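Colleague:
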Amino acid sequence: MKAPITVSITGAAGQIGYALLFRIATGEIFGKDQPVNLRLIEIEPGMAALKGVMMELDDCAFPLLNEVVGTSCLNEGFKGANWALLVGSVPRKAGMERGDLLGINGKIFISQGQAISRNAARDVRVLVVGNPCNTNALIAMRHAVSIPDDRFFAMTRLDENRAKSQLARKAAVHPSKVTNLCIWGNHSATQYPDFTNAKINNRPCTDVISHVAWLKGEFITTVQQRGAAIIKARGASSAASAANAALDTVKSLITPTPKGDWHSVAVCSDGSYGIEPGLIASMPIRTNEEGTWEVVQGLPIDSFSQEKINATIAELKEERDAVKHLLP
Ligand code: NAD
Ligand code: LMR
Numbered sequence: 028m029k030a031p032i033t034v035s036i037t038g039a040a041g042q043i044g045y046a047l048l049f050r051i052a053t054g055e056i057f058g059k060d061q062p063v064n065l066r067l068i069e070i071e072p073g074m075a076a077l078k079g080v081m082m083e084l085d086d087c088a089f090p091l092l093n094e095v096v097g098t099s100c101l102n103e104g105f106k107g108a109n110w111a112l113l114v115g116s117v118p119r120k121a122g123m124e125r126g127d128l129l130g131i132n133g134k135i136f137i138s139q140g141q142a143i144s145r146n147a148a149r150d151v152r153v154l155v156v157g158n159p160c161n162t163n164a165l166i167a168m169r170h171a172v173s174i175p176d177d178r179f180f181a182m183t184r185l186d187e188n189r190a191k192s193q194l195a196r197k198a199a200v201h202p203s204k205v206t207n208l209c210i211w212g213n214h215s216a217t218q219y220p221d222f223t224n225a226k227i228n229n230r231p232c233t234d235v236i237s238h239v240a241w242l243k244g245e246f247i248t249t250v251q252q253r254g255a256a257i258i259k260a261r262g263a264s265s266a267a268s269a270a271n272a273a274l275d276t277v278k279s280l281i282t283p284t285p286k287g288d289w290h291s292v293a294v295c296s297d298g299s300y301g302i303e304p305g306l307i308a309s310m311p312i313r314t315n316e317e318g319t320w321e322v323v324q325g326l327p328i329d330s331f332s333q334e335k336i337n338a339t340i341a342e343l344k345e346e347r348d349a350v351k352h353l354l355p
């Protein structure tokens with residue numbers, strides 16, 4: 028039997044946590060021969076609910092679940108973490124933008140970054156889901172002084188999955204036929220789902236969907252506004268689809284990407300595509316055979332796309348400037 032992998036999850040008693048933990052415990056993500064330790068982190072008011080979640084984990088008697096720890100202590104929670112999924116934070120309500128949460132959630136990521144730096148395994152990888160996830164990831168990364176920047180990710184996979192579904196419906200194909208879909212920039216209403224480089228059945232998306240006004244208009248706004256539409260319909264922000272996207276992200280970062288394809292995840296920019304170095308921006312990412320990731324280079328960016336990318340990167344700079352006081 029392999030040595031257990033340790034996954035720390037903040038906000039473990041919340042909506043997304045509830046949709047996440049049980050799937051990790053089944054072995055769906057790290058493999059059917061890979062035992063897992065779960066370290067579940069909540070704030071004090073969430074500890075009673077977390078106790079209930081842990082009772083349910085017990086009641087599943089999962090063969091691969093080695094150890095479960097529930098705690099409100101960050102040092103204990105991130106101890107030995109190989110993966111840290113930072114979900115815990117307040118979701119927005121109807122009428123808010125995700126960026127409105129910066130003042131509430133941003134500061135949480137200072138102590139979490141510091142605690143990860145002090146306690147996690149040396150190979151730790153950190154995925155930030157809590158909104159506004161790009162800038163929260165920036166705060167955590169900057170405070171995790173002992174962890175290389177390339178281990179920090181913010182989630183835009185839900186947007187990628189949403190965009191694929193929209194294109195698939197329009198083209199009357201299954202979503203699995205849509206590939207090469209990159210979300211650029213911020214997980215916000217400025218994000219740019221890049222249909223110009225997307226493929227449907229291995230053909231350029233724009234050859235399959237000739238309705239260019241729809242691609243440039245309704246398609247983009249539907250993806251940008253999908254989170255708000257879910258909140259309006261459900262009265263609560265997306266949870267199962269968000270948990271699913273978090274798991275897709277982890278899987279994509281530990282599994283070689285199929286030849287010629289890529290996935291969307293926000294990473295610390297190295298200046299690729301003219302994006303200011305140091306910003307946590309979503310771009311096309313591939314995982315190679317060695318298990319490391321790289322930015323897919325050389326995608327053609329037309330003037331329409333460039334304008335959209337500029338707008339979302341400008342917003343990321345504004346968010347970074349708004350949290351200057353939280354950065355070391
Ligand atoms: P929720 O309110 O159901 O759960 C959040 C949990 O986090 C609660 O149990 C709360 O007690 C806990 N928490 C709050 N502060 C914490 C802290 N400092 N440390 C540990 N735990 C803490 O919310 P949810 O629906 O699970 O959403 C969580 C976050 O994920 C929100 O910010 C939401 O906007 C975001 N989200 C992001 C995406 C994305 O695509 N990036 C998608 C969906 C939701
Ligand atoms: C989403 O995209 O569904 C989440 O980020 C929640 C939200 O506030 O939109």
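Counting in my numbering, the sequence shown runs from 28 upward without gaps. C-beta atoms are modelled at their ideal positions from N, C-alpha and C, and glycine is treated no differently. For clarity, every value in this text was computed on a predicted model and none was experimentally measured.
Look up Thr217 in the DSSP assignment and say whether it is helix, strand or coil.
Modeller: coil
Colleague: Where does the unbroken beta strand (DSSP E) through Gly97 begin, and where does it stop?
Modeller: 92-98
Colleague: Restricting to Cα atoms, I'd like to know which of Lys351, Arg178, Arg313 is closest to Val155.
Modeller: Out of Lys351, Arg178, Arg313, Arg178 has the C-alpha closest to the C-alpha of Val155.
Colleague: Cβ of Ile236 within 8 Å of Cβ of Lys278?
Modeller: no
Colleague: Just to check, is the beta-carbon of Ser264 closer than 7 Å to a non-hydrogen atom of the ligand LMR?
Modeller: The answer is yes for Ser264.
Colleague: Could you give the distance in angstroms between the alpha-carbon of Gly133 and the alpha-carbon of Val322?
Modeller: Roughly 27 Å between the two C-alpha positions.
Colleague: Helix, strand or coil, according to DSSP, for Ala39 in the structure here?
Modeller: coil
Colleague: Taking the Cβ atom as the reference point for each residue, do Cys87 and Ala39 lie within a distance shorter than 8 Å?
Modeller: no
Colleague: Does the Cβ-Cβ distance between Ser35 and Ala148 come in under 8 Å?
Modeller: no
Colleague: Among residues of its own chain, excluding the 5 on either side of Ala195, which ones have a beta-carbon nearer than 7 Å to its beta-carbon?
Modeller: Shown here for Ala195: same chain residues with a beta carbon closer than 7 Å to its own, the five before and five after excluded, namely His201, Pro202, Lys204, Val205 in chain order.
Colleague: Is the Cβ-Cβ distance between Asn161 and Ala181 less than 8 Å?
Modeller: yes
Colleague: Put Trp289 into one of helix, strand or coil per three-state DSSP.
Modeller: coil
Colleague: Would you please state the rounded distance, in angstroms, between the beta carbons of Thr223 and Thr233? I believe it to be under 8 Å.
Modeller: 7 Å
Colleague: First and last residue of the beta strand (DSSP E) that includes Thr314?
Modeller: Residues 307-314.
Colleague: In whole angstroms, what is the alpha-carbon distance linking Leu326 and Ala269?
Modeller: 27 Å
Colleague: Using CA atoms only, rank isn't needed, just tell me which of Val95, Gly298, Arg50, Phe49 is closest to Thr33.
Modeller: Among Val95, Gly298, Arg50, Phe49, the Cα nearest to that of Thr33 is on Val95.
Colleague: From what residue to what residue does the alpha helix (DSSP H) around Arg261 run?
Modeller: 253-261
Colleague: Less than 8 Å between the beta carbons of Leu129 and Gly97, yes or no?
Modeller: Between Leu129 and Gly97, the CB-CB gap reaches or exceeds 8 Å.
Colleague: Suppose you measure from the CA of Glu303 to the CA of Phe89; what does that come to, to the nearest Å?
Modeller: 45 Å
Colleague: Classify Gln251 as buried or exposed, calling it buried when 16 or more other Cβ atoms lie within 10 Å of its own Cβ.
Modeller: buried
Colleague: Is there contact here, the segment 135-154 with the segment 98-105, by at least three beta-carbon pairs under 8 Å?
Modeller: yes
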